[in-house]
Amino acid sequence: MSSSQLLVTLDRDSPVPLQQQLCDQISGSVRTGRLRPGDPVPPSRELAHQLRVSRTVVTRAYELLRANGVLTSRRGSGTRVSGALTEAPPPGRRATRAHLRPEPPLPTDAGSPLWKPWEPPPMHRSDGTYDFRHGTPALASFPVTRWRQSLAEAVSRADAVALGYGPAEGSPSLRTQITALLRRSRALDATRENTVVTSGATQAMDILVRLLVDPDDVVVIEDPSHTVLRQIFGYSRAAVVPVPVDEEGLRVDEIECRVRAHGLDPARVRLVYVTPSHQFPTGFIMSDRRRRALLRWAREHAATVLEDDYHNEFTFAEERLPSLAADPQGADVVYVGSFSKTLFPSLRIGYAVLPPHLVRPFLGVKWITDRLTPTLTQEALAEFISSGAYARHIGRMDRLYRQRRARLLESLYEHFGAGVRISGTAAGLHVLVTLGGAPDADEAEIVRAAAARDVRVYPASGYYVARPPTEPTYLIGYAALPTARITEGVALLAAAVREVTAR
1 MSSSQLLVTL
11 DRDSPVPLQQ
21 QLCDQISGSV
31 RTGRLRPGDP
41 VPPSRELAHQ
51 LRVSRTVVTR
61 AYELLRANGV
71 LTSRRGSGTR
81 VSGALTEAPP
91 PGRRATRAHL
101 RPEPPLPTDA
111 GSPLWKPWEP
121 PPMHRSDGTY
131 DFRHGTPALA
141 SFPVTRWRQS
151 LAEAVSRADA
161 VALGYGPAEG
171 SPSLRTQITA
181 LLRRSRALDA
191 TRENTVVTSG
201 ATQAMDILVR
211 LLVDPDDVVV
221 IEDPSHTVLR
231 QIFGYSRAAV
241 VPVPVDEEGL
251 RVDEIECRVR
261 AHGLDPARVR
271 LVYVTPSHQF
281 PTGFIMSDRR
291 RRALLRWARE
301 HAATVLEDDY
311 HNEFTFAEER
321 LPSLAADPQG
331 ADVVYVGSFS
341 KTLFPSLRIG
351 YAVLPPHLVR
361 PFLGVKWITD
371 RLTPTLTQEA
381 LAEFISSGAY
391 ARHIGRMDRL
401 YRQRRARLLE
411 SLYEHFGAGV
421 RISGTAAGLH
431 VLVTLGGAPD
441 ADEAEIVRAA
451 AARDVRVYPA
461 SGYYVARPPT
471 EPTYLIGYAA
481 LPTARITEGV
491 ALLAAAVREV
501 TAR
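Anchor point for the sequence shown: position 285 equals 285 in the UniProt record's numbering, and the numbering is continuous, going up by one each time.
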């Protein structure tokens, strides 16, 4: 394909910004194989003339695509599709619709604005980079020796029953330990019979969508929100409607007007997904007033609330609200959690606390899809919790994360001053950082300038369906970085920002 044959159609009536439309269409051409690794794209001036847009629209789109690894530029050879991308499908094979195609995250994607997996690749960097990736706990501080004892204990006790197909709902001993944890930490008086062990929280959400949502139904999600859950819900063929959040959490009073704005009936809302204890990615904690409004709305509309309590163990606020499921006020609330952030992601053990009428159908889907979550690992985790090792580990991590969080906040204010805005400091293992002192700086340019200094930061704009931040905003995780490296990394990030703004 020559550079002059790039087919792009922009919708000027769409609420999606033109530069984002251009990003989506170019990356979509890469995914479907119309653009291959090494293919050139038109010079920015030429494409701007072709599309009748300002050159800034094209240059910013190209910068975003370069920052996300889709395009690459070299002096003398122009801008081309990156050779590092996954092999494109062979020509002639029609791709399925993007939102119906579950696959590992790519740097960016085409189609619906709901489908923007801007997640960094799930890998651990062993090099010297200052990686402020969110979602990674302090794995270097995990008590491996003590965990090995729990595994050995589980294996030594294993009999023929333990080595066979266990119950789909999970190990009775682990479910007992989970319910005890939830009673203490979340005021949730769950019964063992209503608690199901899953292969991570993601499986629980996937099963719920299969169970509750038909093709003509509506799923309400928060905006901004995690890209993975957008993929799960988008795969259901239901309509996914984003509703904005503010400092109090999901704007419940906007659910109906947002659903109607999509040409849909609010009576068809079957599922409302929320992260009330630490909204992703803003970090806002849902207020008590908003919680009551949500439960009332769900009860009146016969909708199920899916409460994702992904950071429930790490809360730094003085007052801690109980889970929604602790007092559902007559609404159906499914509580979902996991051990990925408290222990380690590859454990892949999550759980769901279900209303009684959902337990049997939920187990029916789980039995069909994977039979059971690995039994010996469940038994090892149950022993790890019952022995007190889990509580000791959480206590150590709480102290460690408080130190690292404090150092991050101090460093950000030290280098960026009053111009920086930070949300999400009350809970979780990341904060949302807006560089208000650099309003004209380009988000992707800062990412590249930081990467040149071995600092990895991750733009937040991809998590927003509507109204992305107008200033450079990043999701900054701190859990896996020692305090000294946090200090060094923020100083290098500040130098990168100064370089970009000086241009």
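Glycine is no exception: its CB is placed at the ideal position from the N, C-alpha and C atoms.
Check, Outcome
"If you count every other CB in all the chains shown that lies within 10 Å of the CB of residue 338, and 16 or more means buried, which is it?", "buried"
"Return the first residue and the last residue of the alpha helix (DSSP H) that residue 433 is part of.", "Unbroken run through residue 433 is the beta strand (DSSP E), 430-435; no alpha helix (DSSP H)."
"Using CA coordinates, which residue listed in 463, 370, 330 is at the minimum distance from residue 200?", "370"
"Would you kindly check if the distance between the Cβ of residue 69 and the Cβ of residue 82 is under 9 Å?", "yes"
"What is the DSSP secondary structure of residue 72, counted as helix, strand or coil?", "strand"
"Nearest-angstrom Cα distance between residue 443 and residue 464?", "14 Å"
"Less than 9 Å between the C-beta atoms of residue 141 and residue 396, yes or no?", "yes"
"Could you check the C-alpha separation between residue 491 and residue 356 for me, to the nearest Å?", "52 Å"
"Under a three-way DSSP split, which group does residue 54 fall into?", "coil"
"Among 466, 471, 452, which one has its Cα closest to the Cα of residue 489?", "452"
"Does the segment 295-305 come into contact with the segment 271-287, if we say contact requires no fewer than three beta-carbon pairs (one atom in each stretch) closer than 8 Å?", "yes"
"Between 205, 173, 208, 373, which lies nearest to residue 191 when the distance is taken from Cα to Cα?", "173"
"Counting C-beta neighbours from all protein chains within 10 Å, is the total for residue 392 16 or more, i.e. buried, or is it exposed?", "exposed"
"For residue 543, which residues in the same chain have their Cβ closer than 7 Å to its Cβ, ignoring the five residues on either side in sequence?", "Any property of residue 543 remains undetermined from this structure, which presents the chain solely from 1 to 503."
"Does DSSP classify residue 14 as helix, strand or coil?", "coil"
"For residue 334, which option in 208, 193, 50, 144 has the closest C-alpha, if you only look at C-alpha atoms?", "208"
"Please list the terminal residues of the continuous alpha helix (DSSP H) segment that includes residue 487.", "483-502"
"Identify the continuous beta strand (DSSP E) that holds residue 161 and give its terminal residues.", "Segment 160-163 is the alpha helix (DSSP H) holding residue 161; no beta strand (DSSP E) there."
"Note the first and the last residue of the continuous alpha helix (DSSP H) segment covering residue 228.", "227-234"
"According to DSSP, which residues form a beta bridge with residue 456?", "131"
"Compute the Euclidean distance between the alpha carbons of residue 513 and residue 292, then round it to the nearest angstrom.", "Any question about residue 513 goes unanswered here, given that the chain covers just 1 to 503."
"Between which two residues does the beta strand (DSSP E) containing residue 335 stretch?", "332-338"
"Should residue 486 be labelled buried (16 or more other beta-carbon atoms within 10 Å of its own) or exposed?", "buried"
"Near residue 283, what residues of its chain come up, given a Cβ to Cβ distance below 8 Å and the 5 sequence neighbours on each side ignored?", "423, 424, 425, 426, 427, 428, 430, 431, 432"
"Would you decide whether residue 63 is buried or exposed? Buried here means 16 or more other CB atoms lie within 10 Å of its CB.", "buried"
"Which runs of the alpha helix (DSSP H) spanning at least 4 residues fall entirely within the segment 333-418, listed in chain order?", "356-370, 375-386, 389-416"
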